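Using our numbering, read the sequence shown as starting at -18 and increasing by one per residue. Using N, Cα and C, we set each Cβ at its ideal position, and we do this for glycine too. Keep in mind the model is a prediction, meaning the values are calculated, not measured.
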Amino acid sequence: RIHYLINYNKQIEIAHNDINNKYQTLLLQKLQIKRETIKRYEQELQSMKHIFEITLKEKQIQNDQLQHERQFIRDGHKKSTNQLNSNTLQKEMIDNEIYQLSNGYTQQDYNRSIQMKKQELNFIFIILQIKINLVFIGK
């Protein structure tokens, strides 16, 4: 009976240490997930800043085009078609860059979301394993 209790206490101690180790691992994983989330938000913020800068540049080009048209109407002749064509080409390039950024950002965000969900499911699975082990040790 005493040997049984000693063995039982050792098993409980081993299980307790194992649970503590798994818990520490889970806490580290949770911290890592939070760090990755912060990093993702920083990247999203950078993307938004970049899109804002592109949009601002696009508005400046539109303003230049409008000024050119006003100058044309006022003077009755074209001032500089080369400048206007350059601005039009630059606007098309900006539109293309915005389109590529928005599509790439969506796919990248979707892939990160899937990865985060997998990590959450692994976390839940480990907790369930710990609870199952506790039930079996208790019997």
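With distances taken between CA atoms, ILE35 lies nearest to ASP76 out of ASP76, TYR(-15), GLN24, ILE(-7). About 6 angstroms separates the Cβ atoms of ILE111 and ILE0, confirming a contact at the 8 angstroms cut-off. Put simply, the region 102 to 111 touches the region 4 to 24. At least three CB pairs are less than 8 angstroms apart.
Going by C-alpha positions, ASN103 is about 25 angstroms away from ILE(-7). Residue state for ARG16 is assigned as helix, using DSSP reduced to three classes. Less than 9 angstroms divides the Cβ of ILE14 from the Cβ of MET97.
The three-state secondary structure of ARG93, taken from DSSP, is helix. Between ARG93 and ARG21 the beta-carbon gap is near 6 angstroms, inside 8 angstroms, which marks them as a contact. The three-state secondary structure of ARG(-18), taken from DSSP, is coil.
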